[in-house]
Ligand code: SF4
Ligand code: SF4
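Numbering (this note's numbering), first residue to last: 15 to 231.
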């Protein structure tokens with residue numbers, strides 16, 4: 015049996031390679047704007063997808079890694095499906111988010127709370143019971159004003175049966191939960207390895223975000 019070790023130095027090199035790959039991937043973009051026009055989350059981005067593509071083409075990688083766009087992308091893949099140049103924009107956003115997270119860059123307010131609530135809901139029910147998930151999220155933010163402001167958006171969806179009121183477990187929920195726990199154990203072990211190796215890595219760029227505590231269950 016192989017023992018796979020996490021090497022922080024190699025991980026940093028891998029991230030540099032990934033950035034070069036991303037810059038190569040965006041070369042073919044001719045700024046038609048289809049990706050931005052189809053993106054359901056673009057209204058919340060600081061830079062819309064075609065702007066991100068252009069920024070990557072001209073080397074503004076640091077600015078993109080600090081952008082809210084890569085953090086707020088919901089990975090719906092619409093941009094990728096509609097790009098006439100076959101650029102995997104969603105995949106690029108995901109790669110960049112992975113790098114930004116590993117480099118401990120700032121994430122938009124409540125993004126970690128959102129991620130934890132999302133993962134906790136999936137781990138428990140094997141699917142996403144929307145109201146349960148949103149309740150967990152608002153509890154985590156401790157911001158009742160935000161919940162009140164969003165409630166009018168949820169009510170019509172509940173009335174039309176578009177949102178599950180009572181959460182139900184999906185078939186295979188136990189398996190999802192087991193995978194989640196195993197993944198979290200591995201992530202914690204990896205974080206520990208990175209923390210131990212960090213002083214040996216120049217610039218400390220190999221760190222990972224320190225919020226790997228298990229999502230509330
Ligand atoms: S859809 Fe493709 S070619 Fe058009 S702007 Fe977006 S990435 Fe560039
Ligand atoms: S994958 Fe992300 S960037 Fe692409 S359309 Fe969906 S939300 Fe927008």
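C-beta: ideal position from N, C-alpha, C; glycine also.
Bear in mind the structure is a predicted one, so any value in this text is a computation, not a measurement.
I'd like the span of the alpha helix (DSSP H) that includes residue i, first residue to last.
i, result
"residue 164", "158-173"
"residue 126", "125-139"
"residue 77", "75-79"
"residue 102", "Where residue 102 is concerned, there is no enclosing alpha helix (DSSP H), given that its DSSP letter is neither H nor E."
"residue 118", "That residue, residue 118, is in no alpha helix (DSSP H); it is neither H nor E in DSSP."
"residue 85", "83-86"
"residue 63", "63-71"
"residue 95", "92-96"
"residue 150", "144-155"
"residue 49", "48-52"
If you draw a straight line from the alpha carbon of residue i to that of residue j, how long is it in whole angstroms?
i, j, result
"residue 98", "residue 70", "18 Å"
"residue 31", "residue 193", "29 Å"
"residue 134", "residue 61", "30 Å"
"residue 26", "residue 175", "47 Å"
"residue 198", "residue 73", "34 Å"
"residue 127", "residue 156", "10 Å"
"residue 181", "residue 142", "8 Å"
"residue 153", "residue 130", "12 Å"
"residue 158", "residue 89", "28 Å"
"residue 109", "residue 29", "9 Å"
"residue 149", "residue 162", "12 Å"
Out of the options, which has the shortest C-alpha to C-alpha gap to residue i?
i, options, result
"residue 47", "73, 101 and 168", "101"
"residue 168", "36, 49 and 144", "144"
"residue 190", "136, 24, 64 and 75", "136"
"residue 177", "146, 151 and 36", "146"
"residue 123", "43, 188, 85 and 207", "85"
"residue 125", "151, 77 and 49", "151"
"residue 111", "36, 200 and 196", "36"
For residue i, which residues from the same chain have a beta carbon less than 8 Å from its beta carbon, with the 5 sequence-adjacent residues on both sides left out?
i, result
"residue 119", "79 and 80"
So residue i packs on residue j, CB below 8 Å; how close in whole Å?
i, j, result
"residue 185", "residue 139", "Incorrect: roughly 11 Å between the Cβ atoms, too far for contact."
"residue 66", "residue 83", "6 Å"
Going along the chain, which residues of its own chain have a beta-carbon closer than 7 Å to the beta-carbon of residue i, five neighbours each way excluded?
i, result
"residue 52", "92, 93 and 96"
"residue 170", "none"
"residue 160", "152"
"residue 77", "69"
Short of 6 Å in beta carbon distance, which residues of its chain neighbour residue i, apart from the five on each side in sequence? Order them along the chain.
i, result
"residue 50", "56, 62, 63 and 64"
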